[in-house]
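Note sheet for the following structure.
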Amino acid sequence: MTNIIILKRDNQKAKFNGEKIAVAIKKGFDSLESDKYSGDDVNHVYNAVLTQIEELSKREEYISIEHIQDLIERELLRQNFTDVYESFASYRNRRNESRKIFISKQHKFLKAIEKLNQKEAIDNDDKRENANVDGNSPMGMMLQFGSTISKEFAKAYQMDEDFYEAHDSGQIHIHDMDFLPMGTTTCNQINLEQLFENGFSTGHGHLRSPRDIMSYTALAAIAIQSNQNDQHGGQSIPAFDHYMAPGVLLTFKKQLKQRVYDFLEIADLLEAADIKGIIKHIDKLDSLTIDTKDFSKFVKDDEKSLQIIDKAYDKALRVTDRITFQAMEAFIHNLNTMHSRAGAQVPFSSINFGTDITPEGRMVVENYLKALDKGLGKGETPIFPIAIFKVKEGVNYFPEDINYDLFKLAIKVSAKRLFPNFSFIDSPFNKQYYKEGRYETEITYMGCRTRVMSDINDPENEEVIGRGNLSFTSINLVRLGIKHGILTHETPDIEGFYEELDHLIDLTKYQLLERYRIQCGKSVANFKFLLGQGVWKNSKSLKPKDNLHKVLKHGSLAFGFIGLAECLKALIGQHHGESAEAQRLGLEIIQHMRDRADAFTEETHLNFSLIATPAEGLSGRFVSIDRSIFGSIEDVTDRSFYTNSFHVPVYYDISIKDKLAIEAPYHALTNGGHISYVELDGDTTQNLEAFEEVVRMMHDSEIGYGAINHPVDRDPACGYTGIINDECPSCGRHESEGDYGFERIRRITGYLVGTLDRFNDAKRSEESERVKHSL
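Taking our numbering, I'd label the letters of the sequence shown as residues 66 to 840.
Shown next, in the form of structure tokens:
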């Protein structure tokens with residue numbers, strides 16, 4: 066049917082694309098929001114309409130879109146889908162009326178939008194609609210346009226038709242399309258050291274440089290919240306322990322000065338001491354670890370005074386440790402309660418830590434983990450921030466390493482709270498960037514997997530700080546596998562597969578570049594925190610009217626993929642967990658995609674990368690469309706989701722070691738981000754040795770980023786946290802008793818969700834249906 070020509074509403078001609086018809090029919094069924102119809106019903110209507118179109122094409126030179134919609138309506142009636150017909154016809158009529166209205170008013174609408182976008186914020190405050198919502202900021206603009214209008218505006222005026230049609234038909238998925246008109250970027254690794262040096266502004270007032278650990282964590286939360294309002298993705302802190310350590314030292318100095326003064330005064334030795342000298346000496350301290358004998362000259366070598374100073378030091382250290390715990394506790398509470406995006410959500414936040422070996426940095430990590438272990442006000446497991454423990458040989462991996470105790474504590478807390486996850490600096494593709502003594506060269510991750518490191522525009526300073534992903538788009542590999550595999554050919558058409566894959570990669574490249582031009586066309590005024598406060602790399606050098614390419618060129622443009630397992634199953638009948646041949650082909654496909662990304666980087670001098678796409682709702686969207694086109698195919702389209710990126714299918718029984726061995730090579734290829742999960746059953750807190758063994762398997766397999774999933778339940782009546790079946794092990798309460806049930810936390814593509822919001826979705830998601838490995 067490739068020779069059929071379609072006549073569009075504007076009288077332009079286009080090649081026939083049956084996938085668009087399948088999508089239109091599917092939307093008609095979906096509009097009923099009913100479970101009474103299946104994907105097979107959609108497929109029956111679709112195949113019948115295709116047959117009629119093929120017959121029609123034998124006698125007609127062109128077939129109009131309106132004629133095709135007539136065929137769909139008649140076929141719905143013929144197959145007795147009366148309710149679907151009524152919904153489809155009603156929607157069609159509304160769309161026709163909307164087109165008439167839109168055409169008559171689009172000029173006025175476009176002018177209004179254009180005026181709003183082009184006005185310089187530095188000269189105009191009209192967009193600040195009230196005291197705390199900046200109408201010029203991305204989130205303020207989002208409130209004005211609305212997500213739906215924004216997406217439609219992007220399609221009508223900013224995107225090439227080929228791009229949004231490929232998205233709508235399920236060939237690709239353009240992530241966060243509704244943010245495209247605002248020109249926001251996805252994520253950033255925030256340099257807190259730079260922000261704290263002289264303080265910073267959130268747009269509503271200047272915050273002074275913090276002077277103690279409580280202020281450090283408070284301002285860190287504010288920085289994350291402020292940056293969230295300038296981006297559509299996540300905010301990450303790349304070296305949380307290194308950034309917080311100076312705050313601990315400042316707190317310690319303050320406490321030590323006060324304790325020395327108070328203790329000497331109580332002992333009636335104050336007048337004999339050189340207090341000014343003591344204070345100056347304390348101000349010069351660069352560590353929590355000190356020798357109190359250094360104070361001898363300030364107390365004339367008086368032994369009793371030195372003993373008192375020694376006691377003051379011990380007290381100051383204990384109080385500093387307690388305050389640090391309170392600061393970490395407040396930080397976690399803030400990030401789970403404070404709102405961003407005009408109250409729409411809490412910030413999507415991540416922190417990386419584990420490699421600061423100073424006493425101050427170690428105190429930060431220890432107390433953060435203890436605060437995470439304690440949970441929120443009623444013992445709840447915190448959803449944010451996503452905590453990531455950086456594993457490094459010589460720092461925390463071996464028993465003789467100085468931070469090994471923190472590694473053990475991280476394992477203990479993760480076994481209870483699901484966080485922290487673990488990143489592995491020593492994996493070859495991460496270690497190649499590491500420079501001893503420079504924490505900014507340590508690999509860090511954002512949220513569920515995003516990674517950015519290499520920089521073609523600054524190869525001498527390849528580091529994570531101040532950088533992030535600009536935007537990303539995912540390709541539906543499964544459909545290509547179905548179209549070119551053994552389901553439709555006697556032998557797999559590998560050449561045809563790669564030909565169509567290259568077409569979609571090329572299309573995605575130009576789509577990402579189109580979006581990049583929109584991002585670069587904005588100004589500093591649109592991003593008063595991200596760019597105005599110098600959060601993005603080199604953005605302090607920007608002038609008000611500079612093109613943002615000057616700094617955004619350091620970010621990454623990523624394209625990703627989903628469903629490698631189902632793709633292989635459709636292509637050759639086996640996925641990469643089942644045979645060495647499938648694994649070889651899988652690696653070949655992903656290597657090909659990575660090679661294309663690297664070629665684009667050299668060609669455009671922009672950082673193109675390949676990301677192992679976090680599935681989220683996309684896994685269900687793609688399979689739903691594909692089932693409408695191809696019907697239910699065993700182990701391909703017969704489930705409610707496609708497998709996340711390169712993961713071995715969740716329903717396939719495989720050992721932990723083999724799973725990690727199969728997935729590890731894909732980490733090296735997906736330089737834009739990746740993660741591997743292992744699911745454990747049982748109470749992981751009761752077998753920390755096994756938990757640590759899994760983390761060490763991840764390290765030895767040379768993956769970049771890994772996480773261990775396990776059940777986390779809580780009884781809100783008594784506060785018990787652990788595994789709960791039908792009865793609470795602590796108080797004996799049954800779930801049916803009382804006014805509320807048990808809270809059950811599960812992970813969806815890196816983020817935790819609970820009973821009260823999306824747990825039902827979590828139960829159906831890939832990440833909660835994984836094969837469980839017994840402890």
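Ideal Cβ placement from N, Cα and C applies to all residues, glycine included.
Nothing here was measured: the structure is a model prediction, and the numbers come from that model.
Range of the contiguous alpha helix (DSSP H) that encloses residue i
{"i": "Q144", "result": "Looking at the DSSP string, Q144 is not in any alpha helix (DSSP H), and its letter there is neither H nor E."}
{"i": "D765", "result": "L753 to S766"}
{"i": "S361", "result": "Element bounds for S361: n/a, residue is neither H nor E."}
{"i": "L617", "result": "H614 to L617"}
Assumed close pair residue i, residue j - CB separation to whole angstroms, cut-off 8 Å
{"i": "I627", "j": "N534", "result": "Not a contact, Cβ separation roughly 17 Å."}
{"i": "H641", "j": "G651", "result": "4 Å"}
{"i": "F594", "j": "D295", "result": "5 Å"}
{"i": "N486", "j": "A304", "result": "Contact doesn't hold; Cβ gap of about 16 Å is too wide."}
{"i": "R532", "j": "H670", "result": "With a Cβ gap of about 16 Å, R532 and H670 do not count as contacting."}
{"i": "V688", "j": "Y716", "result": "That pair is no contact at about 14 Å."}
Boundaries of the beta strand (DSSP E) in which residue i is found, first to last residue
{"i": "Q300", "result": "Q300 to I302"}
{"i": "F94", "result": "Looking at the DSSP string, F94 is not in any beta strand (DSSP E); the run it does join, the alpha helix (DSSP H), is G83 to D95."}
{"i": "F487", "result": "N486 to F489"}
{"i": "G625", "result": "S621 to I627"}
{"i": "A772", "result": "Y770 to N774"}
{"i": "F454", "result": "I451 to V456"}
{"i": "Y102", "result": "Looking at the DSSP string, Y102 is not in any beta strand (DSSP E), and its letter there is neither H nor E."}
{"i": "R383", "result": "Counting along the chain, R383 falls outside any beta strand (DSSP E), though it belongs to the alpha helix (DSSP H) covering E368 to T402."}
{"i": "A677", "result": "N672 to A677"}
{"i": "V777", "result": "V777 to R779"}
{"i": "Y742", "result": "S741 to E744"}
{"i": "L535", "result": "N534 to N541"}
Residue i and residue j closer than 8 Å at C-beta
{"i": "K216", "j": "D277", "result": "no"}
{"i": "Y731", "j": "I655", "result": "yes"}
{"i": "I453", "j": "S415", "result": "yes"}
{"i": "L617", "j": "Q584", "result": "yes"}
{"i": "E458", "j": "D491", "result": "yes"}
{"i": "S801", "j": "C783", "result": "no"}
{"i": "G248", "j": "G586", "result": "yes"}
{"i": "I448", "j": "N401", "result": "yes"}
{"i": "I451", "j": "F484", "result": "yes"}
{"i": "I70", "j": "K85", "result": "no"}
{"i": "L353", "j": "F396", "result": "no"}
{"i": "I344", "j": "T357", "result": "no"}
{"i": "K672", "j": "T666", "result": "Residue 672 is actually Asn in this sequence, not Lys. A contact, by the Cβ cut-off of 8 Å."}
Residue burial classification, residue i (beta-carbon count within 10 angstroms, cutoff 16)
{"i": "R383", "result": "exposed"}
{"i": "D718", "result": "exposed"}
{"i": "T515", "result": "buried"}
{"i": "Y510", "result": "buried"}
{"i": "G502", "result": "exposed"}
{"i": "Q598", "result": "buried"}
{"i": "E465", "result": "exposed"}
{"i": "R74", "result": "exposed"}
{"i": "Q497", "result": "exposed"}
{"i": "K306", "result": "According to the sequence provided, residue 306 is Asp. The question's Lys does not apply to it. With 16 or more Cβ atoms within 10 Å of its Cβ, D306 is classed as buried."}
{"i": "Y433", "result": "buried"}
{"i": "F463", "result": "exposed"}
{"i": "A177", "result": "In this prediction, A177 scores a pLDDT of 49, lower than 50, which makes its location untrustworthy; the coordinate-derived value is nonetheless stated afterwards. So A177 counts as exposed."}
{"i": "I187", "result": "Legend: pLDDT at I187 = 44, less than 50; position of this residue unreliable, value from coordinates given subsequently. So I187 ends up on the exposed side."}
{"i": "Q77", "result": "exposed"}
{"i": "N197", "result": "Interpretation of N197 is limited by its pLDDT of 35, a score under 50 that renders its predicted location unreliable; the figure taken from the coordinates is listed afterwards. With fewer than 16 Cβ atoms within 10 Å of its Cβ, N197 is classed as exposed."}
{"i": "G738", "result": "buried"}
{"i": "E525", "result": "exposed"}
{"i": "R659", "result": "buried"}
{"i": "N68", "result": "exposed"}
Residue from the options with nearest C-alpha to residue i
{"i": "G747", "options": "L115, D359, N526 and A480", "result": "A480"}
{"i": "K634", "options": "K548, G561 and S674", "result": "K548"}
{"i": "M224", "options": "Y581, N672, D95 and S689", "result": "Y581"}
{"i": "T282", "options": "S234, M393, F94 and A590", "result": "M393"}
{"i": "I846", "options": "N752, L315 and D241", "result": "In this structure the chain extends from 66 to 840, so residue 846 is not present and cannot be described."}
{"i": "A310", "options": "F153, T420 and F706", "result": "T420"}
{"i": "N253", "options": "H269, S710, P557 and M518", "result": "M518"}
{"i": "S644", "options": "D723, A662 and F673", "result": "D723"}
{"i": "V478", "options": "Q751, S96, C793 and M762", "result": "Q751"}
{"i": "K322", "options": "E119, T385 and E565", "result": "T385"}
{"i": "E699", "options": "Y742, A381 and V543", "result": "V543"}
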